[in-house]
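Letter by letter, the sequence shown follows residues 17 to 455 of the numbering used here. Even for Gly, the Cβ is constructed at its ideal location relative to N, Cα and C. Here's the structure we're looking at; comments come further down.
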Amino acid sequence: MNASVPCSGKWWPSTLRDRLFLILFAGLAIAYGLSFSILFIERYMSAKAVMLGTLENDLATSIAILDRLPANERADWLNRLSRGNYRLVLGPGLAGVPDMSGRAAEIAGKIEEAVGHRFPLRVESIPGDSRRLQGHLTLSDGSPLTIDVTPTGVMPIAEWLPYVFAVQMALLVICTWFAVRQAIRPLGDLAAAADALDPNKKGPPLSEAGPSEVAHAARAFNAMRDRIAHYLEERVQILAAISHDLQTPITRMRLRADMADDSPERDKLVHDLGEIERLVQDGIAYARSAHGNGEKVSRIDLASFIDSIAYDYQDTGKLVTVVGLVRGTASTKPHALRRILSNFIDNAVKFAGAAEVSVERRREGNIVITVLDRGPGIPEDMLEAAMQPFFRLEQSRNRETGGTGLGLAIAQQLAAAIGGSMRLYNRAGGGLAAEVTIR
Ligand SMILES: Nc1ncnc2c1ncn2[C@@H]1O[C@H](COP(=O)(O)OP(=O)(O)OP(=O)(O)O)[C@@H](O)[C@H]1O
Ligand SMILES: [Mg+2]
């Protein structure tokens, strides 16, 4: 997953995981917020209606009672007749202004409806306190009475509800995240498996556990891997069969050539037959190495093993020297390892004229044997390809450097067969390094 897809805006995330998360979370949060707001508005309206309704009823009753009471008893009743959002006061009250708006006008209307038809009434708002109102009226006996209203806020929901809302949002985030992860993770696993796919090596198959779609994809992937491995094996088998079957006619041709009269033509024929023979043998060697070679593991003394390889080359006049060496032993398949190193050294001698062999023991106990040269090296983008069968950098099959292009492919197969790995890299200052790591 990367940001290669052109996006319409900066806020639009580049990964599928973030996009899914954003869409799901935004959708759920908006839907949830909408229902919460509708609930809030609905409750607010009904709470307000109840508040105004009680104001009207209670006020009408309270003023009727006060009107009936003898003037000297009224003061005792005032407290009992007051409510949370209004108080009754004997006397003319405070001076106010008549202009009112919004909620004040609504409350004034209710007061008028409650008492206006029985007593002359004047409702005013009190300057300085925007919410406070006073209704001035005169009771039947002529004494003034003031209704002092301070509307309390209408809070239709419990105070703890916003906290619940926050907790629910957090839960939404966690669940959405979890769901997205569930959906995306198999995709990542599949991509990693495809990245690491190497049908030559028998790695563990992709796990086929999980939801049915994921299991299906994993099964399909494993089947594809097996098919590729099968095709590769078939390719090797064809090569082995052709190489094998060519041996007999080549031998026959060589016998016939040997029996023919001496002539320059005969020498050329024998030389060509020699080359064909080498090709066929390389083909057989490659096919063998692909089948993991049946050699047994044994313990070797590293120093004498490397030295003996170098001596063999020196005996035939090749410039092969051993530089770093470690003492000690290693358990490996000696013939396979010898073949890997010979292929590296052959290349170094062929392309650079000389080879150096160095041995190191790494921290994890791995032994790394490197064949170094100061030749032309291999362009960086061809390093991988150089290990493919029949790959040759220079296409002219010249006599000096002509080869089959199987040396490194065989080395790679054998490295896997001995439980190790090989790597090519260009050296600083020029030249190639071919290293094999054994565990
Ligand atoms: N040390 C090196 N320096 C430069 N190029 C190299 C070196 N080793 C390998 N190569 C390049 O990689 C190619 C593949 O090497 P590989 O050993 O597989 O085949 P080959 O040497 O051409 O043939 P074979 O080994 O089968 O006789 C070579 O043809 C060459 O172009
Ligand atoms: Mg070679």
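Residues that DSSP places opposite residue i in a beta bridge
i, result
"ILE383", "ARG377, ILE454"
"ASN442", "LEU448"
"ARG138", "HIS152"
"ARG103", "ASP164"
"SER117", "Note: SER117 sits in no beta bridge, so no partner."
"LEU388", "GLU372, ALA449"
"SER98", "Per DSSP, none; premise fails for SER98."
Expected contact under 8 Å - CB spacing of residue i and residue j to nearest Å
i, j, result
"VAL113", "ASP164", "With a Cβ gap of about 15 Å, VAL113 and ASP164 do not count as contacting."
"LEU222", "ALA239", "At roughly 10 Å, the Cβ-Cβ gap does not stay under 8 Å, so LEU222 and ALA239 are not in contact."
"LEU430", "SER305", "5 Å"
"ILE266", "ILE300", "Their Cβ separation, rounded to whole angstroms, is 12 Å, which puts ILE266 and ILE300 out of contact at 8 Å."
"VAL456", "ILE385", "Outside the modelled stretch of the chain, which goes from 17 to 455, sits residue 456, for which no answer is possible."
"THR192", "PHE41", "5 Å"
"GLY310", "ASN363", "26 Å between Cβ atoms; not a contact."
"ASP74", "ARG35", "Not really, about 58 Å apart at Cβ, beyond 8 Å."
"GLU72", "GLU129", "6 Å"
"ILE325", "SER358", "7 Å"
"THR345", "LEU318", "7 Å"
"ILE322", "VAL365", "Not confirmed; about 16 Å, so no contact."
"ILE79", "VAL139", "Contact doesn't hold; Cβ gap of about 14 Å is too wide."
"LEU188", "ALA45", "7 Å"
Contact test: residue i Cβ vs ligand 1 heavy atom, cutoff 6 Å
i, result
"THR453", "no"
"ARG408", "yes"
"THR420", "yes"
"LEU448", "yes"
"ALA207", "no"
"ALA402", "yes"
"PHE367", "yes"
"ILE7", "For residue 7 there is no data in the structure shown, the boundaries of the chain being 17 and 455."
"ILE356", "no"
"ILE385", "no"
"ILE300", "no"
"ILE394", "yes"
Where residue i falls, given that 16 or more other Cβ within 10 Å makes a residue buried
i, result
"ARG413", "Legend: pLDDT at ARG413 = 47, less than 50; position of this residue unreliable, no value from coordinates given."
"MET403", "buried"
"PRO143", "exposed"
"LYS349", "buried"
"SER141", "buried"
"ASN88", "exposed"
"ALA111", "exposed"
"ILE190", "exposed"
"ARG197", "exposed"
"GLN184", "exposed"
"PRO280", "exposed"
"ASN95", "exposed"
"TYR247", "exposed"
"ARG355", "buried"
"MET438", "buried"
"GLU372", "buried"
"SER117", "exposed"
"ASP331", "exposed"
"ALA91", "exposed"
"PRO167", "buried"
"LYS126", "buried"
"HIS287", "exposed"
"ALA47", "exposed"
"ALA212", "exposed"
Distance cut-off 6 Å: residue i Cβ against heavy atoms of ligand 2
i, result
"ASP362", "yes"
"GLY391", "no"
"GLY423", "yes"
Residue i CB to nearest heavy atom of ligand 3 below 6 Å
i, result
"ASP242", "Ligands in the displayed structure: ligand 1 and ligand 2; ligand 3 is not one of them."
Please give the ranges of any alpha helix (DSSP H) in the stretch 203-284, keeping only runs that are unbroken, at least 4 residues long and fully inside the region.
228-275
Counting only runs that start and end within the stretch 18-85, where is the alpha helix (DSSP H) found for 4 or more residues in a row?
32-84
Within the stretch 146-204, ranges of the beta strand (DSSP E) (whole runs, at least 3 residues):
149-154, 160-165
Residue ranges of each alpha helix (DSSP H) within the stretch 288-368, 4 or longer
318-331, 350-368
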